[in-house]
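Each residue of the sequence shown is one higher than the one before, starting from 2 at the first, in our numbering. The beta-carbon is built from N, C-alpha and C at its ideal position, and this holds for glycine as well. Read through the structure below, which is laid out as structure tokens, and then see the notes.
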Amino acid sequence: MLDVKEIFKRIPHRYPFLLVDRIVEIEKDQRIVGIKNVTVNESFFQGHFPHRPVMPGVLICEAMAQVGAIFAYSSGGGADNGKVFMLTGLDRVKFKRPVEPGDQLRLELTSLKRRGSFWKMWGVATVDGKIVAQAEISAMEVPME
């Protein structure tokens, strides 16, 4: 539904910190689903861990937050008005299983609450239909400068 060119229009993240490859579903103000193809070429695998590469949990949370920012932008805020969505909190974070090279991370976020420029979302990351991480994500729209 949104390729990387469209993602670039919605969030300021770029290589090596862009952690979303495409958006496959958007239901305005309801939910969004994004994909991150995890490859052995990811720079974080060089040191996490050399003999058993595992995607750091904080980067799984960041990937969910980036999908959440795309969701908020697609629901009426963001880059085209000179603002950006900034992560303000993570609650109820759980990591259930490792994410390894070759995995396709499916990132689904559902809106829990929206008040003005403040958003709260529930994020679930899965690989092959199995939950690898979940978190309640809070973000706020702020001026880009």
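Rounded separation between residue i and residue j - CA only
{"i": "V68", "j": "H52", "result": "30 Å"}
{"i": "T89", "j": "A70", "result": "12 Å"}
{"i": "S112", "j": "M87", "result": "16 Å"}
{"i": "V34", "j": "E101", "result": "20 Å"}
{"i": "I12", "j": "F119", "result": "17 Å"}
{"i": "V21", "j": "A64", "result": "6 Å"}
{"i": "R116", "j": "S76", "result": "13 Å"}
{"i": "V125", "j": "G103", "result": "19 Å"}
{"i": "M122", "j": "K114", "result": "7 Å"}
Cβ shell of residue i (< 7 Å), same chain only, five flanking positions each side left out
{"i": "V94", "result": "C62 and A136"}
Chain-order list of residues whose beta-carbon lies under 8 Å from that of residue i (same chain, five-residue window excluded)
{"i": "M141", "result": "F86, M87, T89, S118, F119 and W120"}
First and last residue of the uninterrupted beta strand (DSSP E) at residue i
{"i": "I132", "result": "K131 to P144"}
{"i": "V125", "result": "F119 to V128"}
{"i": "V21", "result": "Note, V21: premise wrong, no beta strand (DSSP E); not H, not E."}
Min CB distance residue i to chain C below 7 Å
{"i": "A126", "result": "Of the protein chains in the structure, only one exists, and it is not chain C."}
Inside the region 32–100 only - alpha helix (DSSP H) runs reaching at least 4 residues: Fully enclosed alpha helix (DSSP H) runs of no fewer than 4 residues occupy 58–75 of the region 32–100, in order along the chain.
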